[in-house]
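This report refers to the structure that appears directly beneath it.
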Amino acid sequence: MPERDLDLLLNTCLLAGKIMTESNAEMYRVEDTMSRIASASGNYRLVSYVTQTGLFIGFDRTSTIRMEQITNRTINLERVVKVNNLSRKYVANELTLEELYQELQEVEKDRRMFPVWLQIISAAIISGTIMILFGGELQDLPITLLIGGVGYIVYLCSLRFFRIKFLAEFLSSLIIGIAAILSVRLGIGLNQDLIIIGCVMPLVPGVQITNAIRDLLAGHYVSGVSRGTEAMMTAAMIGFAIAFIFQIFY
0 MPERDLDLLL
10 NTCLLAGKIM
20 TESNAEMYRV
30 EDTMSRIASA
40 SGNYRLVSYV
50 TQTGLFIGFD
60 RTSTIRMEQI
70 TNRTINLERV
80 VKVNNLSRKY
90 VANELTLEEL
100 YQELQEVEKD
110 RRMFPVWLQI
120 ISAAIISGTI
130 MILFGGELQD
140 LPITLLIGGV
150 GYIVYLCSLR
160 FFRIKFLAEF
170 LSSLIIGIAA
180 ILSVRLGIGL
190 NQDLIIIGCV
200 MPLVPGVQIT
210 NAIRDLLAGH
220 YVSGVSRGTE
230 AMMTAAMIGF
240 AIAFIFQIFY
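As structure tokens, this is what we get:
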């Protein structure tokens, strides 16, 4: 393969890995996708080292190396699915390397997320559903929906204003705890514990915990430990906020 095509192949693999890492994909999935693209391009063996903050890739027995820093990460499984589908099409010879690179560039440019109003409504519905699943009363459903939605609004606003993820989760949980306790004392709600459990559930780092375990099982100890630490800090902020509120009111 000519030098120009090798550069294109490396750039394509690096772009695919960058999109998946920024979208919170598992590290082994990122490495596997890049390796399959390289293998389908002429049986090249790609050597890669992937962490949450950076990608290092190169071809075996060559001095050509590419590096990409990862500064922003979010949960966007739709982009992970798009990259996976494009890589499968390329392996099946349905796309050329140039077409794959162009399609990946389009995926990278597409930063659209679900509308804020839909995220808030979804958080409220999750809060009410979890409260019912844990044995709550239907009478608590309206107030749980309201507190869950307001708590998520506080989370989004705090995240945009402070740009510190853990602080946003702490403040959101703080508001949820205060609102739940006051609602019961005012006679609007019945079980403050279940209301709190339901409302903090949209903040629980379920994806991070799952990916941390899967990375550890796959042998990616650096990313597994870092993801697990991030998840533990998030859970700790939620717990500290609720404990602080209980300490004040009781």
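Sequential numbering from 0 applies to the sequence shown in numbering that gives the first Met the number 0.
Glycine is no exception: its CB is placed at the ideal position from the N, C-alpha and C atoms.
As the structure is a prediction and not an experimental result, all values here were calculated from the model.
Membership of L85 in the alpha helix (DSSP H) is indicated by the continuous run 76-90. When DSSP reads this structure, M66 sits in a beta bridge with F55. When DSSP assignments are scanned along the segment 195-248, the uninterrupted stretches of alpha helix (DSSP H) that are 4 or more residues long and fall wholly within it turn out to be 205-216, 220-248.
Relative to M232, the option among W116, G57, A167, I56 whose CA is nearest is A167. Secondary structure at S40: coil, using DSSP grouped into helix, strand and coil. Considered as a whole, the segment 127-185 harbours 140-161, 164-184 as its complete alpha helix (DSSP H) runs of no fewer than 4 residues, in chain order. Annotation: L5 to T20 spans about 22 angstroms, alpha carbon to alpha carbon.
Within the same chain, R78, V82, L103, V106, E107 come within 7 angstroms of I18 by CB-CB distance, once the 5 residues on both sides are set aside. With respect to L99, L54 sits apart: the two C-beta atoms are not nearer than 8 angstroms.
Membership of L99 in the alpha helix (DSSP H) is indicated by the continuous run 96-108. Here I194 is near T143, since their CB atoms are less than 8 angstroms apart.
Between H219 and M26, the CB-CB gap stays under 8 angstroms.
Our two residues, R65 and T11, have alpha carbons roughly 11 angstroms apart in a direct line. Fewer than three beta-carbon pairs drawn from the segment 204-218 and the segment 178-193 are found closer than 8 angstroms, and the two stretches are therefore not classed as touching.
DSSP, read as helix, strand or coil, puts S47 in strand. With distances taken between CA atoms, S38 lies nearest to Y89 out of Y89, N23, I74. Rounded to the nearest whole angstrom, the CA to CA distance from P204 to L8 is 35 angstroms.
Three or more beta-carbon pairs drawn from the segment 133-147 and the segment 171-182 are found closer than 8 angstroms, and the two stretches are therefore classed as touching. Taking all protein chains in view, the Cβ of P141 is surrounded by fewer than 16 other Cβ atoms within 10 Å, so the residue is classified as exposed. If you check the CB distance, S22 and L76 come in under 8 angstroms. If you compare the alpha carbons of S225, G186, Q138 with that of V49, the shortest gap goes to S225.
M112 carries a coil assignment under DSSP once its states are collapsed to helix, strand and coil. Counting C-beta atoms within 10 angstroms of its own C-beta, Q68 has fewer than 16 neighbours from the protein chains shown and is therefore classed as exposed.
DSSP, reduced to helix, strand and coil, places L193 within a helical segment of the structure shown.
S62 and I163 have their C-alpha atoms spaced approximately 39 angstroms apart. Non-local C-beta neighbours of Y154 in its own chain, meaning closer than 7 angstroms and more than five positions away in sequence, comprise A167, E168, S171, L202, ordered along the chain.
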